[in-house]
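J.: The structure is given below, and queries will be raised subsequently.
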Amino acid sequence: MGFRLLSYMVQIWESQRREWETEKIPQSERRLQPILPVLFYTGDAPWTVPVSLTTIMDVPEILARFVPSFDTLFLGVKETETDVLTQSGHPLGWLLRVLQKEHSDKTEISEALADAVSHLASVDENFAPQVAEALRYFVQLIFHRRSLEERDALVGIIRQHIHDHKELENMAQTTAEFLIEQGKAEGKAEGKAEGKRDAVLKLLQLRFQHVPETLSREISNIHNHIQLDILLEQAMTAQSLEEIDTHFS
């Protein structure tokens with residue numbers, strides 16, 4: 001981990017160096033920005049390995065002083081008190097609060113998700129980019145960590161608290177991407193088609209809440225990939241369900 005952190009820092013500094021070259025900053029004004037390394041550990045087992053380059057080296061004590069060293073802040077997410085994570089009110093703290101419950105029962109993760117999304121809906125607009133990332137992460141966590149039976153209810157919690165149209169669009173897009181990729185992972189044409197059908201229906205549910213049974217049935221009976229791609233585009237851009245056309249000539 002020490003080597004990985006060092007490589008990340010070097011990449012950041014290299015990016016700064018390229019920026020100097022692009023903007024033609026005078027040599028006398030070029031200063032690397034200090035970096036504060038923070039390790040967020042999200043595992044369940046205790047972290048016991050020192051975050052140091054020497055842990056991956058067989059280095060004699062007499063040479064140890066030549067090994068690059070730096071301090072690292074460590075946060076064990078699963079073992080940190082909830083109030084500590086959320087006391088600043090920053091979206092990241094509320095994201096970590098939900099992450100704490102990724103393997104908990106449905107009641108616990110539902111409560112954590114509702115608390116987090118409720119707070120995120122009320123934060124200052126200056127945090128809009130962080131809020132968008134947090135919501136996207138929540139959707140990904142739901143689809144990757146929770147059971148199929150829980151998905152609709154958990155995504156519904158997010159929708160109940162988010163009223164910004166753009167945020168809902170982003171959330172729907174994330175859901176669609178996952179369902180399409182899930183279909184591709186099936187490795188079969190029908191698996192891909194099923195993923196696209198699920199994506200269309202989920203998008204419509206997220207955007208318009210209720211999808212008539214007739215429309216749902218019509219979409220479920222479509223197997224043509226081109227037609228499903230057209231429906232996906234309609235689902236993302238339509239202003240009403242009346243604009244969804246399932247009758248292909």
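Under our numbering, the residue at position 229 of the sequence shown is numbered 229, and the numbers go up by one with no gaps.
Glycine is no exception: its CB is placed at the ideal position from the N, C-alpha and C atoms.
Keep in mind that this is a model prediction, so the values were computed, not measured.
1. Which ranges would you report for the alpha helix (DSSP H) in the region 34 to 115 if only whole runs of at least 4 residues count?
2. Indicate the three-state DSSP secondary structure (helix, strand or coil) for M1 in the structure shown.
3. According to the neighbour-count rule (16 or more other Cβ atoms, all chains shown, within 10 Å of its Cβ), is V131 buried or exposed?
4. Alpha carbon to alpha carbon, what distance is there between A64 and D124?
5. Please state whether the Cβ-Cβ distance between T107 and R97 is less than 8 Å.
6. Select from H247, A235, Y137 and L231 the residue whose C-alpha is nearest the C-alpha of R207.
7. On the premise that F138 lies in contact with L158, defined as a C-beta separation below 8 Å, what is that separation, rounded to the nearest angstrom?
8. For a test of the three-state rule: what should DSSP assign to I226, helix, strand or coil?
9. Look at the alpha carbon of D44 and the alpha carbon of D105, and state the distance between them as a whole number of angstroms.
10. Just the C-alpha distance for D71 and L95, rounded to the nearest angstrom, thanks.
11. Can you list, in chain order, the residues of its chain with a C-beta nearer than 6 Å to that of G187? Leave out the 5 residues immediately preceding and following it.
12. Taking only three categories from DSSP, how would you classify K198?
13. Going by alpha carbons, who is nearest to Y8 out of I35, Y41 and E29?
14. Given I56, which residues of its chain have a CB within under 8 Å of its CB, disregarding the five upstream and five downstream residues?
15. If you follow the alpha helix (DSSP H) that L215 is part of, which residue opens it and which one closes it?
16. Answer with buried or exposed for L99, where buried requires no fewer than 16 other C-beta atoms within 10 angstroms of its C-beta.
17. Return the first residue and the last residue of the alpha helix (DSSP H) that F143 is part of.
18. Going by DSSP in three states, H247 sits in which element: helix, strand or coil?
19. In the DSSP assignment, find the unbroken alpha helix (DSSP H) run with V155 in it and report its ends.
20. Where L5 and T246 are concerned, what is the direct C-alpha to C-alpha distance, given to the nearest angstrom?
21. Tell me whether V123 sits in a helix, a strand or coil according to DSSP, three-state version.
22. I need the straight-line Cα distance from V10 to Q27, nearest angstrom please.
T.: Once the coordinates are examined:
1. Qualifying alpha helix (DSSP H) stretches, in chain order: 82 to 86 and 91 to 100.
2. Looking at M1 - three-state DSSP - the assignment turns out to be coil, as it is neither helix nor strand.
3. Label assigned to V131: buried.
4. If I take the Cα positions, the gap works out to 47 Å.
5. No. Outside cutoff.
6. The shortest CA-to-CA distance from R207 to any of H247, A235, Y137 and L231 is the one to A235.
7. Position check: residue 158 holds Ile in this sequence, whereas Leu was assumed. Between F138 and I158 the Cβ distance is about 6 Å, and since that is below 8 Å, they are a contact.
8. In the structure shown, I226 sits in a helix (DSSP, three-state: H, G or I).
9. Rounded to the nearest whole angstrom, the CA to CA distance from D44 to D105 is 15 Å.
10. Spanning the two alpha carbons is a distance of roughly 25 Å.
11. In this predicted model, G187 has a pLDDT of only 43, less than 50, meaning its place in the structure is not dependable; the value taken from the coordinates is given anyway. Exclusion of the five residues before and after G187 leaves no residue of its chain whose Cβ lies closer than 6 Å to its Cβ.
12. Position check: residue 198 holds Asp in this sequence, whereas Lys was assumed. Reduced to three states, the DSSP call for D198 is helix.
13. Nearest option by C-alpha distance: I35.
14. These residues qualify, in order along the chain: G2 and F3.
15. Per DSSP, the unbroken alpha helix (DSSP H) holding L215 starts and ends at E213 to S220.
16. With 16 or more Cβ atoms within 10 Å of its Cβ, L99 is classed as buried.
17. Residue range A128 to R145 is occupied by the alpha helix (DSSP H) that includes F143.
18. When secondary structure is reduced to three states using DSSP, H247 falls in the coil class, being assigned neither helix nor strand.
19. That run of the alpha helix (DSSP H) goes L148 to H161.
20. One C-alpha to the other measures close to 51 Å.
21. Collapsing the DSSP output to three states places V123 in coil.
22. Distance from the CA of V10 to the CA of Q27, rounded to the nearest whole angstrom, comes to 19 Å.
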